[in-house]
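In terms of our numbering, the sequence shown is residues 16 to 162.
Quick notes on the structure that follows.
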Amino acid sequence: MLRFDPFGQVDSVTRGLLGAQQTGSSRTPLFMPMDLYKVDDHYVLTADLPGIDPGSVDLSVDNGVLTVSAQRTPRSDEGVQWLTSERFFGTYRRQLTLGDGIDGSAITARYDNGVLSVTIPVAEKAKPRRITIEHSETPQSIEATSS
Numbered sequence: 016m017l018r019f020d021p022f023g024q025v026d027s028v029t030r031g032l033l034g035a036q037q038t039g040s041s042r043t044p045l046f047m048p049m050d051l052y053k054v055d056d057h058y059v060l061t062a063d064l065p066g067i068d069p070g071s072v073d074l075s076v077d078n079g080v081l082t083v084s085a086q087r088t089p090r091s092d093e094g095v096q097w098l099t100s101e102r103f104f105g106t107y108r109r110q111l112t113l114g115d116g117i118d119g120s121a122i123t124a125r126y127d128n129g130v131l132s133v134t135i136p137v138a139e140k141a142k143p144r145r146i147t148i149e150h151s152e153t154p155q156s157i158e159a160t161s162s
């Protein structure tokens, strides 16, 4: 396969200077792309983790901090001549500080097709509620006095 890559030589020199292996990616993941949004009475966190073994995904809550971590293991280099190696391998990790209004004990998660979805419910005590205003049924009269 032939293709024109004007920056190929520059990339090759840069990899050599930075000590990157020529036989595969030795880079570790820089970030875990994610979205966080609120729907009704809960938050939803979705994180892209393509190619991650579902058994390596770990989700924990400790002292109000939600930690998401996952591991992508490299492919075997045995008998492989790499032409391009751009996929990261290693440990992905993100941490989010949860507010006081979160029910940490009711957090749930699901991993489907490379996407981790975490549902973070708002605590019952933090949900908006309507406050009833009491009023008296009998009309009260106010008398004015002159001085």
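Ideal placement from N, C-alpha and C gives every residue a C-beta, glycine not left out.
>> Can you tell me where the beta strand (DSSP E) holding A62 begins and where it ends?
In response: 57-63
>> Out of F104, I122, E93, Q110, which one is the CA nearest neighbour of T82?
In response: Q110
> Using 8 Å as the Cβ pair cut-off and three pairs as the minimum, do the stretch 123-137 and the stretch 51-71 touch?
Replying inline: yes
> Beta-carbon separation of F103 and T88 under 8 Å?
Replying inline: With contacts defined as CB atoms closer than 8 Å, F103 and T88 fail to qualify as a contacting pair.
>> Using a 10 Å radius around the Cβ and a threshold of 16 neighbouring Cβ atoms, would you call S100 buried or exposed?
In response: buried
>> Can you give me the C-alpha to C-alpha distance between Y52 and E158, rounded to a whole angstrom?
In response: 56 Å
> Does the Cβ of I117 have 16 or more other Cβ atoms within 10 Å, making it buried, or fewer, making it exposed?
Replying inline: Burial call: buried.
> From I148, D68, G114, G79, pick the residue whose C-alpha is nearest to that of R90; which is it?
Replying inline: D68
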